[in-house]
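Visitor: I am attaching a structure below and will ask some questions about it afterwards.
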Amino acid sequence: MEPRKKVLSGIQPTGHMHYGNYFGAVKNWVDLQEKYDCVYCVVDYHAMTMPYNPKKLAESSWDLVFNLLAVGVRPEYLFIQSLVPEHAELCWIFNCFTSYGLLTRMTQFKDKSAQSQEESGEGFISAGLFDYPVLQAADILIYRADYVPIGKDQEQHLELTRNIAQRFNNQVGKEYFVLPEPLYTEVLKVRSTADPERKMSKSLGPKHYINVFEEENRLRKQVRSAVTDTGDTPAGQMSPGVENLFLLLKAAGKTEAHASLMDTYQAGNLKYVDLKEAVADALVELSTAFRARKTELLANKKDVKNQIRASSAEIRKRAQETVREVKELTGLMNVRI
Ligand code: TRP
Numbered sequence: 001m002e003p004r005k006k007v008l009s010g011i012q013p014t015g016h017m018h019y020g021n022y023f024g025a026v027k028n029w030v031d032l033q034e035k036y037d038c039v040y041c042v043v044d045y046h047a048m049t050m051p052y053n054p055k056k057l058a059e060s061s062w063d064l065v066f067n068l069l070a071v072g073v074r075p076e077y078l079f080i081q082s083l084v085p086e087h088a089e090l091c092w093i094f095n096c097f098t099s100y101g102l103l104t105r106m107t108q109f110k111d112k113s114a115q116s117q118e119e120s121g122e123g124f125i126s127a128g129l130f131d132y133p134v135l136q137a138a139d140i141l142i143y144r145a146d147y148v149p150i151g152k153d154q155e156q157h158l159e160l161t162r163n164i165a166q167r168f169n170n171q172v173g174k175e176y177f178v179l180p181e182p183l184y185t186e187v188l189k190v191r192s193t194a195d196p197e198r199k200m201s202k203s204l205g206p207k208h209y210i211n212v213f214e215e216e217n218r219l220r221k222q223v224r225s226a227v228t229d230t231g232d233t234p235a236g237q238m239s240p241g242v243e244n245l246f247l248l249l250k251a252a253g254k255t256e257a258h259a260s261l262m263d264t265y266q267a268g269n270l271k272y273v274d275l276k277e278a279v280a281d282a283l284v285e286l287s288t289a290f291r292a293r294k295t296e297l298l299a300n301k302k303d304v305k306n307q308i309r310a311s312s313a314e315i316r317k318r319a320q321e322t323v324r325e326v327k328e329l330t331g332l333m334n335v336r337i
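Residue numbers (this note's numbering): 1 to 337.
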């Protein structure tokens with residue numbers, strides 16, 4: 001049997017996990033585990049590139065680990081980036097194979113540097129932020145990933161990763177790194193139920209996102225108060241709020257309810273309360289299972305942490321092998337241990 005293809009992805013330890021994150025990315029991670037050899041990384045080194053609180057970083061990383069496990073990411077596929085310091089070492093080496101000119105053209109740097117200046121209160125932009133895409137290239141190439149599941153926003157970073165791999169291969173005279181391919185999967189853009197013109201996001205405030213671990217009453221209340229029709233939508237078109245509710249229903253796997261409510265909508269007979277009720281039922285079902293799983297994990301906090309430390313150590317072996325070979329290929333010394 002052919003070995004399974006490798007998938008790598010990373011996620012930043014920031015904020016709560018809401019249904020926008022879940023349906024937009026994390027659920028996809030869970031589904032990919034069925035078909036691929038996956039490596040999923042909580043990228044705490046990346047989280048330092050923006051103004052941040054050193055006293056809170058470790059806690060945020062662990063919170064994210066528990067959230068990911070609770071929604072179905074397998075522990076053996078999950079690790080924390082700084083437990084594999086070889087990522088930072090490979091990043092340094094890659095810096096010397098990265099075109100400065102290409103880095104200056106990264107659009108995410110432009111957005112994030114403006115945000116960093118504002119958040120820091122002193123106009124600060126770290127060199128780490130500028131170097132962010134090179135660390136991301138190290139995350140991907142250190143495991144010789146075949147595929148990286150991405151949305152449009154990460155396309156440029158993956159292109160740079162391929163460029164670094166190619167330049168490295170040319171310079172050392174060996175096809176050492178495989179060029180990773182993007183894995184375009186259907187990404188669902190969940191909108192805020194309070195303002196369906198905008199993406200579901202934590203930064204807009206508590207009304208604008210639904211936590212995946214929300215308890216039943218609050219969840220139902222939030223769905224019930226979802227904006228449906230504001231009267232601005234041209235006749236014959238579905239309003240963004242209604243569209244968003246249908247999307248949530250389908251994303252939650254309720255295809256039959258989705259189809260029958262859609263028929264009712266098309267016949268012009270849909271009562272929004274019925275749609276909301278169906279969405280609330282579907283999300284309550286998901287959230288109840290997620291919460292139960294999270295409670296169980298939190299009851300065994302120590303063991304779970306140890307399990308992730310162990311999986312990080314296991315994954316680290318693969319990273320160490322790559323770095324050992326890279327050092328050899330680039331004329332650096334390997335420490336004997
Ligand atoms: N830059 C990614 C984001 O903001 C996170 C990330 C870090 C990542 N390293 C990665 C994604 C490697 C894919 C592969 O979402």
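Think of the CB as a built atom: it goes at the ideal place given N, C-alpha and C, for glycine as much as any other residue.
1. DSSP three-state call for residue 334: helix, strand or coil?
2. Straight-line CA distance for residue 209 to residue 195?
3. Hey, would you say residue 283 sits closer than 8 Å to residue 245, going by beta carbons?
4. Alpha carbon to alpha carbon, what distance is there between residue 67 and residue 89?
5. Taking all protein chains shown into account, decide if residue 92 is buried (16 or more other Cβ within 10 angstroms of its Cβ) or exposed.
6. Can we count residue 8 as close to the ligand TRP, meaning its CB is less than 7 Å from some heavy atom?
7. Can you find a heavy atom of the ligand TRP that lies under 7 Å from the Cβ of residue 139?
8. Closer than 7 Å: is that where the CB of residue 46 sits relative to any heavy atom of the ligand TRP?
9. Bridge partners of residue 80, per DSSP?
10. If we ignore side chains and look at the alpha-carbon of each, how far apart do residue 75 and residue 64 end up?
11. Taking all protein chains shown into account, decide if residue 191 is buried (16 or more other Cβ within 10 angstroms of its Cβ) or exposed.
12. Per DSSP, residue 37 forms a beta bridge with which residues?
13. So, does the stretch 1-20 touch the stretch 97-113, judging by three or more C-beta pairs under 8 Å?
14. Helix, strand or coil: how does DSSP classify residue 198 here?
15. Compare the Cα-Cα distances from residue 162 to each of 257, 53, 94 and report the closest residue.
16. Under a Cβ-count criterion, where at least 16 other Cβ atoms within 10 Å of its own Cβ denotes burial, should residue 252 be classed as buried or exposed?
17. Compute the beta-carbon to beta-carbon distance between residue 334 and residue 324, rounded to the nearest angstrom, for a pair I have assumed lies under 8 Å.
18. Excluding five sequence neighbours on each side, which residues of the same chain lie with their C-beta closer than 8 Å to the C-beta of residue 288?
Guide: In short:
1. Here residue 334 sits in coil by DSSP.
2. A direct Cα-Cα distance of roughly 10 Å separates residue 209 from residue 195.
3. Their beta carbons are not under 8 Å apart, which means residue 283 does not touch residue 245 by this criterion.
4. Rounded to the nearest angstrom, the two C-alpha atoms are 28 Å apart.
5. Burial call: exposed.
6. Flag set: Cβ of residue 8 near the ligand TRP.
7. The beta carbon of residue 139 sits closer than 7 Å to at least one heavy atom of the ligand TRP.
8. Within the cutoff, so yes.
9. According to DSSP, residue pairing for residue 80 in a beta bridge involves 42.
10. The straight-line gap from Cα to Cα measures roughly 12 Å.
11. Counting C-beta atoms within 10 angstroms of its own C-beta, residue 191 has 16 or more neighbours from the protein chains shown and is therefore classed as buried.
12. Beta bridge pairing from DSSP links residue 37 with 6.
13. At 8 Å Cβ cutoff, the stretches do not touch.
14. It is coil, neither helix nor strand.
15. Closest option to residue 162, Cα to Cα, is 94.
16. It counts as buried.
17. Yes, they are in contact, since the Cβ atoms of residue 334 and residue 324 sit about 6 Å apart, within 8 Å.
18. Spatial neighbours of residue 288 in its own chain (CB-CB distance under 8 Å, excluding positions within 5 residues in sequence) are listed in chain order as 216.
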